[in-house]
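Here the structure comes first, spelled out in C-alpha cells, and everything after it is commentary.
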Amino acid sequence: MRIIVCIKQVPDTAEVRINPETNTLIRDGVPSIINPYDTHAIEAGLQIKEKTGGKVTVLTMGPPQAESALREALSMGADEAVLLTDRAFAGSDTWATAYTLAKAIEHIGADVILCGKQAIDGDTAQVGPETAEFLDIPHIAYIRKIDDIAEGRIVVQRLMDDGYDVVESSLPVLLTVVRELNVPRMPSLKGKMAAKKAEIRKLSAADIGAAEESLGLKGSPTQVRNIFAPEVKTDRKMFEGTAEEKVDALIKELVGQKCL
Amino acid sequence: MLIKINRDKCTGCESCIQSCPFDSIVMKDEKAEITETCQFCRSCLNVCPEGAIYEIEEASDKKEKEEGSGVWVYAEQRDGVIAGVSFELLGAGRGLANKLGTEVSAVLFGATEADARELIRWGADRVYHCGDELVRTFNDEPYADLLSGLIQQYRPEIVLAGATPIGRSFIPRVAARLKAGLTADCTSLEIDEDSKNLLQVRPAFGGNIMATILCPHTRPQMATVRPRVMKRGEYDESRQGEIIPVKTDNVRSRTKVIETIKEVSDISVNLQEANVIVSGGRGTGGEKGFKLLHELAEALGASLGASRAAVDEGWIPYRHQVGQTGKTVGPKIYIACGISGAVQHVVGMQSSDIIVAINKNPEAPIFNIATYGIVGDLFEIVPMLTKKIKEAKGL
Ligand SMILES: Cc1cc2nc3c(=O)[nH]c(=O)nc-3n(C[C@H](O)[C@H](O)[C@H](O)COP(=O)(O)OP(=O)(O)OC[C@H]3O[C@@H](n4cnc5c(N)ncnc54)[C@H](O)[C@@H]3O)c2cc1C
Ligand SMILES: Nc1ncnc2c1ncn2[C@@H]1O[C@H](COP(=O)(O)O)[C@@H](O)[C@H]1O
C-alpha cells in the first residue's frame, strides 16, 4: 500500500493573541507545531502500513522551515518525506493548495491519502476534499475508525452530527481524520536519530508539472482583504450594588425584555 | 498583487514585523524584507512610519469578473428532515439578494415536495428539488456532481451552505471543480457597496483574529456558515414560489453508505434548540457548583452548557461543551457562570441574543461580550437568582 499523509506546520493557535489597540498579532514565542489533527493522520498511516505493508510518505507544502515538521513525522516512523516548496506557491488559498498537493500526489503515486480534518490556523477543513476532487478520486471526511482495509477496498466510520455512517470506498481514496481515530505515538529515540539524518525530497512547481496560473496567489479565487480583532460589545450593562441589588436589576432587565 | 518594501525608505525600525500575522516580514541587512510566506493580507501596509511598504498590481489582478446572478442556498436534509441551518441561510440569503436586487433559490436533494414548499415559506423564490431515491442518503460524489451541474447551468453569483459534516465534506469538491472561491465558517456576510462583491467575515487562528475574505474575480462566490450563527428570516405561510424538479440519471459514486448509526443524546439536541442555556465553567469548582446551575436551569426551563475546562475536569459530559470544539449555540439567553470567556468558548455562543455573565473577576473577557454583567461569587448569585426567578414566575 502506498500511503501519503499531508501535514501542515502551524503556529500553536492557543497561544496567538491579538493586540486590540494595534490590530496586530502578539506572537512572541509562539511555537510552530504539526497541525494536531495531522498527527492522527500520521498515526493512521503507520497503522495501515503495519497491517498491509507498504510505505508511508509525509508531504507538506510550505516554506523551507516546514522541514522540521517533516523530520518530526519521520521520527514517528514515516518512511519518506517530501517538501513541496517554491516561491510560486506563496499566497495559496485552499483551492491552490489542494491543486498543488494533488499534482504532487500524482507525481509520487498513492493508494491511500490521509489528511487532518482541518488545520488549526485556517480551520477550513477544505483542503482534503478539494485535493480528492483534483485527483478525481473519492474521499471520506471525518473518519473516526477504520473498520477494514484491503487491496482495492476500505470500510470506515464517518462522524456525523447525529452519530456515524459506515462507508465503503474503492481505492485510491482520500480520508480526513478526527481525533477519536487514534492516539498518535511518540517518536522513538531510534526514530529521532534516523530522522535527523534522513534526506528530505524537495519538489518545485516545475517538478510536479503544475500550471503556473493555478498556483499561489494568482491561482487563488479567494483573497484576504483585511484582518481585525474580534469586536467588543459596547452597550453592555454592568450591575452595581449588593449581590441582591444586582440580581434584582438583572431580573428587571430580563422581565423588561420579555424573557421571563 | 504584490507587497513590497522600498529599501531606501526603510529605516530598519522593525515596527512592521509585529503587524504580520504570518511572520512573513524579517530583518535582513538591517532592512525589513517580505518572505515567501506572505499571504497578501495587507496588515502591514499602514504601519510603516516612513510609508516604505506599498502594494503593486499585476496584470493578473485585472482579470474580468465572471458573470452570475441570484443567491443560492444549499438546503440540507438527513432522513427527510431539513436541517435548521437551511432556514437560517435562507434568512441571510434573502438579505443579500435584496441588496443585490436579485432572487433567492434553494437547492434540495432528497426530502419531499412538501419540504420544498416549506423552503419557499422560509424565503426561497425558487427551489431546485431532486426527490430521486438515489440522493436520499448523503454521498459526496453524486451530491457534488448534481450541485456542480446545476450551478454550471444556472450560474448563481453566490452559493451558501451549512458548515455541517455534510456541507463541509462535499461543498469543497464543488468549489474545486468550478474553480470557485470557498470561505468556511463565515460569521457575517455582507455585500460591498461599490464592487458588489460578497464580503465574507470569518474567524481564524482559533477565533483570535477575524478576517474578511473576498472572491474578486470568480463566480459563484461560495461560503459555508455554522448552524445557529445567522438568524432565520420571516416565515410566511402565504409566500409563493416555483419548484423546479431536477432529475438524476447517471450518478457515479465510488463510496457507499453501508449503515447509519444514531448516537444522539437528547441533551445535545436540546442544547442546540434551547431558548435559554445556563452554562458553567471552571469557576463552578465541581459538581456542587453545577448542582446550583442545574437548579437555575430548572427554574428557567433551560438547558445546561459548559466550558471545555469544566468538561476536561470531568464535572459534566462532553456533549454539553460549547465552543470551537463543542457545539455552536444561539439561544435567546445564555447565562455564563464562572466562565472566563476564552475565544474558543466565545465563538460557540456569541450569537446568543442576550449574554449574562456572572464572574468574580471584573477583568474576565466574558464581560467584553456580555449584555448584562454581574461581578460576584456564583455560589452567592446563582442561588439568589434561582429563588427570585421562581418568585417572579410564581412557582
Ligand atoms: C484548540 C482549542 C480548542 C478549544 N475549544 C474549546 C471549546 O470548544 N469550548 C471551550 O469552552 N473551551 C475551549 N478551549 C479552551 C479555552 O481556551 C479555555 O481554556 C476554556 O474555555 C476555559 O474555561 P473556563 O472559562 O471555564 O475556565 P477558566 O478560564 O479557568 O475561567 C474560570 C472563570 O471562573 C471565574 N470564577 C472562579 N470562581 C468563581 C466563583 N466562585 N464565582 C464566579 N466566578 C468564578 C474566574 O474568575 C474565571 O474567569 C479550547 C482550547 C483550544 C486550545
Ligand atoms: N500546505 C499544506 N501542506 C500539506 N497538507 C496540507 C496543507 N494545508 C492543508 N493540508 C492538509 O489539509 C488538511 C485540512 O486543512 P485546512 O483545509 O487548511 O483546514 C490538513 O489537516 C492537512 O492534512
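Protein sequences, first through last, are from chains L and Z.
To convert, take the position in the first sequence, counting from 1, and add 6; that gives this note's numbering.
To convert, take the position in the second sequence, counting from 1, and add 4; that gives this note's numbering.
Think of the CB as a built atom: it goes at the ideal place given N, C-alpha and C, for glycine as much as any other residue.
Check: According to DSSP, which residues form a beta bridge with Gln204 of chain Z?
Finding: Z:Leu193 and Z:Ile217
Next item on the list: Excluding the 5 residues preceding and the 5 following Cys48 of chain Z in the sequence, name in chain order all residues of the same chain whose CB lies nearer than 6 Å to its CB.
Entry: Cys20, Ser23, Cys24 and Ile57
Next item on the list: Determine, using beta carbons only, whether Ala346 of chain Z and Ala361 of chain Z come nearer to each other than 8 Å.
Entry: no
Notebook entry, point to check: Pick from Z:Leu138, Z:His349 and Z:Thr216: whose alpha carbon is nearest that of Gln325 of chain Z?
Noted result: The option with the nearest alpha carbon to Gln325 of chain Z is Z:His349.
Notebook entry, point to check: Do the region 166-186 of chain Z and the region 211-223 of chain Z make contact, defined as three or more Cβ pairs closer than 8 Å?
Noted result: yes
Check: What is the rounded straight-line gap between the Cα of Leu120 of chain L and the Cα of Thr58 of chain L?
Finding: 16 Å
Next item on the list: Inspect the beta-carbon positions of Gly171 of chain Z and Val351 of chain Z and report whether they are closer than 8 Å.
Entry: no
Check: Do Ser226 of chain L and Gly97 of chain L come within 8 Å of each other at the CB atom, strictly closer than that value?
Finding: yes
Next item on the list: Please name the residue or residues paired with Cys134 of chain Z in a DSSP beta bridge.
Entry: Beta bridge pairing from DSSP links Cys134 of chain Z with Z:Phe113.
Margin query: Quick check: is the beta carbon of Asp144 of chain Z nearer than 8 Å to any beta carbon in chain L?
Written below: yes
Notebook entry, point to check: If the cut is a Cβ gap below 8 Å, which residues of chain Z does Asn232 of chain L touch?
Noted result: Cys45, Arg46, Ser47, Ala215 and Thr216
Notebook entry, point to check: Taking three-plus beta-carbon pairs below 8 Å as touching, is the region 223-243 of chain Z in contact with the region 123-136 of chain Z?
Noted result: yes
Next item on the list: Give the range of the alpha helix (DSSP H) segment to which Trp101 of chain L is assigned.
Entry: Thr100 to Ile114
Next item on the list: Please name the residue, chosen from L:Ser81, L:Ala156 and L:Ile152, that lies closest to Lys203 of chain L on a Cα-to-Cα basis.
Entry: For Lys203 of chain L, the nearest C-alpha among the options comes from L:Ser81.
Notebook entry, point to check: Is the distance from the Cβ of Gln81 of chain Z to the Cβ of Leu112 of chain Z below 8 Å?
Noted result: yes
Notebook entry, point to check: Using the rule of at least 16 other Cβ atoms within 10 Å of the residue's Cβ for burial, across every protein chain shown, is Ala75 of chain L buried or exposed?
Noted result: Result: buried.
Checklist line | Within chain Z, partners of Ala235 of chain L - CB distance below 9 Å | finding: Asn212, Ile213 and Met214
Check: Among all residues, which have a Cβ less than 5 Å from at least one non-hydrogen atom of ligand 1, and in what chain order do they fall?
Finding: L:Ala20, Z:Gly285, Z:Arg286, Z:Gly287, Z:Ser311, Z:Arg312, Z:Ala313, Z:Gly327, Z:Gln328, Z:Thr329, Z:Gly330, Z:Gly342, Z:Ile343, Z:Ser344, Z:Ala346, Z:Gln348, Z:His349, Z:Asn363, Z:Lys364, Z:Asn365, Z:Ala368, Z:Asp381 and Z:Leu382
Check: Thinking just about the alpha-carbon of each residue, which of L:Asp99, L:Val173, L:Gln71 and L:Ser220 is nearest to the one in Lys260 of chain Z?
Finding: L:Val173
Checklist line | Cβ-heavy atom distance, Met67 of chain L to ligand 2, below 7 Å | finding: yes
Margin query: Taking beta-carbon pairs under 9 Å, can you tell me which members of the region 136-169 of chain L lie near chain Z?
Written below: Glu136, Thr137, Ala138, Glu139, Phe140, Ile143, Pro144, His145, Ile146, Ala147, Tyr148, Val161, Gln163, Arg164, Leu165, Met166, Asp167, Asp168 and Gly169
Notebook entry, point to check: Is the closest heavy atom of ligand 2 to the C-beta of Lys14 of chain L under 7 Å?
Noted result: yes
Checklist line | Partner residues on chain L for Asp119 of chain Z, Cβ-Cβ distance less than 8 Å | finding: Here the premise fails: no neighbours, minimum Cβ distance about 18 Å.
Checklist line | Selected residue, minimal CA-CA separation from His113 of chain L, among L:Asp127, L:Ala94 and L:Leu89 | finding: L:Leu89
Check: Rounded to whole angstroms, how far is the Cβ of Ile214 of chain L from the Cβ of Lys109 of chain L, which I believe are closer than 8 Å?
Finding: Yes, they are in contact, since the Cβ atoms of Ile214 of chain L and Lys109 of chain L sit about 4 Å apart, within 8 Å.
Next item on the list: Return no unless some Cβ of chain L is closer than 8 Å to the Cβ of Ala179 of chain Z.
Entry: Look at Ala179 of chain Z: its C-beta is under 8 Å from a C-beta on chain L.
Notebook entry, point to check: What's the call for Gln156 of chain Z, buried or exposed, on a 16-neighbour Cβ count within 10 Å?
Noted result: exposed
Notebook entry, point to check: Is it right to say Glu267 of chain Z is buried, meaning 16 or more other beta carbons lie within 10 angstroms of its own, or is it exposed?
Noted result: exposed
Notebook entry, point to check: CB of Cys121 of chain L to nearest heavy atom of ligand 2: below 7 Å?
Noted result: yes
Notebook entry, point to check: Can we say the region 193-205 of chain Z touches the region 148-161 of chain L, given the rule of at least three CB pairs closer than 8 Å?
Noted result: no
Item checked: Reference Glu384 of chain Z; option with closest CA among Z:Asn102, Z:Lys292 and Z:Lys331 -> Of Z:Asn102, Z:Lys292 and Z:Lys331, the smallest CA-CA separation from Glu384 of chain Z is found for Z:Lys292.
Item checked: Simplified DSSP assignment, three categories, for Asn143 of chain Z -> Correct three-state label for Asn143 of chain Z: coil.
Note to self: Closest to Ala208 of chain Z by C-alpha separation, out of L:Arg8, L:Ile9, L:Pro17 and L:Ile13, would be which residue?
What the structure shows: L:Pro17
Next item on the list: Answer with buried or exposed for Asn50 of chain Z, where buried requires no fewer than 16 other C-beta atoms within 10 angstroms of its C-beta.
Entry: exposed
Next item on the list: Compute the Euclidean distance between the alpha carbons of Val280 of chain Z and Leu65 of chain L, then round it to the nearest angstrom.
Entry: 46 Å
Margin query: Give me, in chain order, the residues of the same chain whose beta-carbon lies closer than 6 Å to that of Arg159 of chain Z; leave out the 5 immediate sequence neighbours on both sides.
Written below: Gly72
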